[in-house]
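Q: Under mature numbering (1 follows the signal peptide of the UniProt record, and there is no 0), read the sequence shown as residues -16 to -1, 1 to 239, first letter to last.
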Amino acid sequence: MLLLLITLIFLQKGGAISLDLLLQNWNFYPWKFLPKGKAEWTFCQMSPAVINAVTDSHNKLRAKVAKRNLRNAFFEGIPGSKTLFKLKYDCTHEQLARGTIGNDCKHSSNYMKKIGKGENFIRYKVAKKPNVAKQKKLFARAVESWMNTVKRPLSSGVVYTDTDTEPFANMIYNKTLKFGCSFLFCDETRWAALACVYDNRPKSGKPLYWADSRSSTGCERSEPCKEVIGGTDVNCDTFSGLCDQDPPTSRRSKL
């Protein structure tokens, strides 16, 4: 507990600390939602069907960005990208996302920005506890709502200057490679809260991605993708137009 208090004080004073370092040294869970006595950060609590759905929703959006296929006047004229990566779902970030939801389904005060993470939060009134199918629809609705935070045309260089668009920026930021999401239903108030946490957050005055394409194809070759993060498994999924951190498979991309 002493380590947690020291860490929180450090963050409040404006310090920066490696999340990975914290996770390596914490022998307890600092958030109430994690099961007492457990010490496994790689266990996902979300349904696999919901995980697949929210991952697909994010990557479909990124594919539209890469291929200049966003059907909205605010996105007209912005370039695409040959080096935008698919997001990978990550259980650690799922647990972090759960930490941003209070037990009352309100946004909980947290330190995601202090540790360099992006976060999105939204909640909806629902008639009853959502089942898996309803959760999938709510996350699709959330992604759409976060995209619609863009209320004015983006610059041709896609430089991040409008913090009101942060939810959209979090989803398409090129330096974000991993994310995780969480869901909570509050029976007494009928609120359904949804949150996602991303492993990087956009920087003000910097481009959201490498705007290196005027075509509608996205990535075309693996070499530019490998120049970004390296690795023998990195490749270009030409169907989605996104770079991929995993080796190609015989199964065609659904994006």
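Glycine included, each C-beta is placed from N, C-alpha and C at the ideal position.
Report yes if the CB atom of S65 is closer than 8 Å to the CB atom of G202, and no otherwise.
A: yes
Q: Put L178 into one of helix, strand or coil per three-state DSSP.
A: Annotated three-state conformation of L178 is strand, per DSSP.
Q: Report yes if the CB atom of F167 is closer than 8 Å to the CB atom of Q119, and no otherwise.
A: In contact: F167 and Q119 (Cβ atoms closer than 8 Å).
Q: Label N132 either buried or exposed according to how many other C-beta atoms from any shown protein chain fall within 10 Å of its C-beta, with 16 as the threshold for buried.
A: exposed
Q: Between the alpha carbons of N115 and F169, how many angstroms are there, rounded?
A: In this structure, the CA atom of N115 is about 10 Å from the CA atom of F169.
Q: Run the CB neighbour count on W130, radius 10 Å, all protein chains shown included, and call it buried at 16 or more, exposed below.
A: buried
Q: For Y144 and T160, what's the separation of their Cα atoms in angstroms?
A: 14 Å
Q: How long is the line joining the alpha carbons of H42 and I35, rounded to whole angstroms?
A: 11 Å
Q: Would you identify the three-state DSSP class for K187, choosing helix, strand or coil?
A: coil
Q: Are the Cβ atoms of A179 and N87 separated by less than 8 Å?
A: At the C-beta level, A179 and N87 stay beyond 8 Å of one another.
Q: With C-beta atoms as the reference, is P231 less than 8 Å away from G102?
A: no
Q: Could you name the residues of the same chain whose beta carbon sits closer than 7 Å to that of K72, not counting the 5 residues immediately before and after it, in chain order?
A: Same-chain partners within the cutoff: L161, K162, Q229.
Q: Is it right to say S199 is buried, meaning 16 or more other beta carbons lie within 10 angstroms of its own, or is it exposed?
A: Flag for S199 reads exposed.
Q: What does C220 pair with, by DSSP beta-bridge criteria?
A: C227
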